[in-house]
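Engineer: One structure, pasted below without further comment.
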Ligand code: NAD
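Numbering (the UniProt record's numbering), first residue to last: 2 to 261.
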């Protein structure tokens, strides 16, 4: 159902973002993928998306902590892809530390990447969506947009901020055919989760197994990691015409975590 539409998915060289890009491509969308990583691996993913969609897939290496790089990416989207119809704000990073030891540069990085980048992409995407009278903006928030865990002050603050930004902008564009929502996964097995295990081991004095069972899956009543494919399928639904009245929502895919 997405033939002729262009989707920009930030942070889509890995994990959830890549899964979302694949789900959108499978419905025929043109794609702009973004993020860091090995050039050969990224090119292989880009070519794979083109094969999947039968439409164009471009890669942009914009560092989303830099507003001017985001503006350049949108200028390119306008000239090469005819603008952005579906914007998925997915790029994000994590850092685990007690607040009194939290490195100031890590706070600034997490706020810039997990929150401010979505402000910049939204302000740049909305004029084109208004002209077309159609748009979909979806953020990958987190269960941490609704509840907190210790030692994740910057992440929890940024994700709560993203959920608030989603609501405010949804109201501003509600009569323009544009919906704005966020999806809030619990723990999804991706490099982001895997990479925080050593720091959590250190912060809590635990073994790897203890972190997986007693921290990560402790609050997830299904006792299962959410899969990338499950998050992507939910995002895909939000792009459909049937979802035209789902807006300003923060939708949980968290194995029951935030029901407690
Ligand atoms: P990931 O580390 O696998 O992917 C992160 C992506 O962001 C990568 O493509 C990376 O290259 C890109 N990225 C990092 N810094 C960037 C920058 N400065 N500019 C542009 N791109 C950058 O992580 P993931 O688990 O797939 O996480 C994706 C999103 O989902 C994040 O916003 C994360 O907070 C959120 N999330 C993840 C989980 C989880 O359990 N994995 C749970 C809830 C929410």
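Backbone N, C-alpha and C fix where the C-beta goes; we use that ideal spot for every residue, glycine too.
#1: Quick check: is any heavy atom of the ligand NAD less than 6 Å from the C-beta of residue 91?
#2: Looking only at C-alpha atoms, which of 57, 167 and 213 sits nearest to residue 4?
#3: My guess is that residue 249 and residue 171 are in contact by the Cβ rule of under 8 Å, so how many angstroms apart are they, rounded?
#4: Give the straight-line distance between the Cα atoms of residue 9 and residue 55, rounded to the nearest whole angstrom.
#5: Which residue or residues does DSSP assign as beta-bridge partners of residue 137?
#6: Taking residue 102 as the reference, which of 47, 238, 155 and 210 has the closest Cα?
#7: Please report the residue range of the beta strand (DSSP E) in which residue 31 lies.
#8: Using a Cβ-Cβ distance cut-off of 7 Å, determine whether residue 15 contacts chain C.
#9: I'd like the list of long-range same chain contacts for residue 84, defined as Cβ closer than 7 Å, with 5 residues on each side in sequence excluded.
#10: For residue 30, which option in 51, 16, 166 and 68 has the closest C-alpha, if you only look at C-alpha atoms?
#11: Which partner residues of residue 7 appear in the DSSP bridge assignment?
#12: Considering only the alpha carbon of each residue, which of 125, 174 and 94 lies closest to residue 114?
#13: If you draw a straight line from the alpha carbon of residue 140 to that of residue 203, how long is it in whole angstroms?
#14: How long is the line joining the alpha carbons of residue 13 and residue 206, rounded to whole angstroms?
#15: On a CA-only basis, which of 82, 185 and 179 is nearest residue 91? Give me that one, please.
#16: For the alpha helix (DSSP H) containing residue 234, list its first residue and its last residue.
#17: Taking the alpha carbon of residue 224 as the reference point, which residue from 256, 74 and 68 has its own alpha carbon closest?
#18: Within a Cβ cutoff of 6 Å, which residues of the same chain sit near residue 187, ignoring the five residues on either side of it in sequence?
#19: Is residue 37 buried or exposed, if buried means 16 or more other CB atoms sit within 10 Å of its CB?
Structural biologist: Reading off the structure:
#1: Here residue 91 is taken as the residue at index 90 of the chain shown, counted from 1. Within the cutoff, so yes.
#2: Numbered from 1 along the chain shown, position 3 holds the residue referred to as residue 4. Minimum Cα distance to residue 4 is reached at 57.
#3: Counted from its first residue, the chain shown places residue 249 at position 248. Counted from its first residue, the chain shown places residue 171 at position 170. Correct: roughly 3 Å between the Cβ atoms.
#4: Counting from 1 along the chain shown, the entry for residue 9 is found at position 8. Counting from 1 along the chain shown, the entry for residue 55 is found at position 54. Computed Cα separation, rounded: 16 Å.
#5: Counted from its first residue, the chain shown places residue 137 at position 136. For residue 137, which the question treats as bridged, DSSP gives the partners 87 and 180.
#6: Numbered from its first residue, the chain shown carries residue 102 at position 101. If we check each option's Cα against that of residue 102, 155 comes out closest.
#7: Position 30 of the chain shown, counting from 1, holds the residue named residue 31. First-last of the beta strand (DSSP E) with residue 31: 31-35.
#8: Absent here is chain C; the protein component of the structure consists of one chain.
#9: On the chain shown, position 83 is the one that residue 84 refers to. Closer than 7 Å at the Cβ level, and outside the excluded window around residue 84, lie 7, 78 and 129.
#10: Numbered from 1 along the chain shown, position 29 holds the residue referred to as residue 30. Answer by Cα proximity: 51.
#11: Residue numbering aside, residue 7 sits at position 6 when the chain shown is read from its first letter. The partner list for residue 7 (beta bridge, DSSP) reads 31.
#12: Indexing the chain shown from 1 puts residue 114 at position 113. Closest option to residue 114, Cα to Cα, is 94.
#13: As a working mapping, residue 140 is identified with position 139 in the chain shown. As a working mapping, residue 203 is identified with position 202 in the chain shown. Taking the straight line from one Cα to the other gives about 30 Å.
#14: Looking up residue 13 in the chain shown gives position 12. Looking up residue 206 in the chain shown gives position 205. Going by the C-alpha atoms only, they are around 33 Å apart.
#15: Looking up residue 91 in the chain shown gives position 90. Checked all of 82, 185 and 179; the closest Cα to residue 91 is 185.
#16: Counting from 1 along the chain shown, the entry for residue 234 is found at position 233. Taken as a continuous stretch (DSSP letters only), the alpha helix (DSSP H) holding residue 234 covers 229-239.
#17: Here residue 224 corresponds to residue number 223 of the chain shown, with the count starting at 1. Ranking 256, 74 and 68 by Cα distance to residue 224 puts 256 first.
#18: In the chain shown, the residue the question calls residue 187 occupies position 186. 144, 221, 227, 255, 256 and 258.
#19: Here the question's residue 37 lines up with position 36 in the chain shown. Burial call: exposed.
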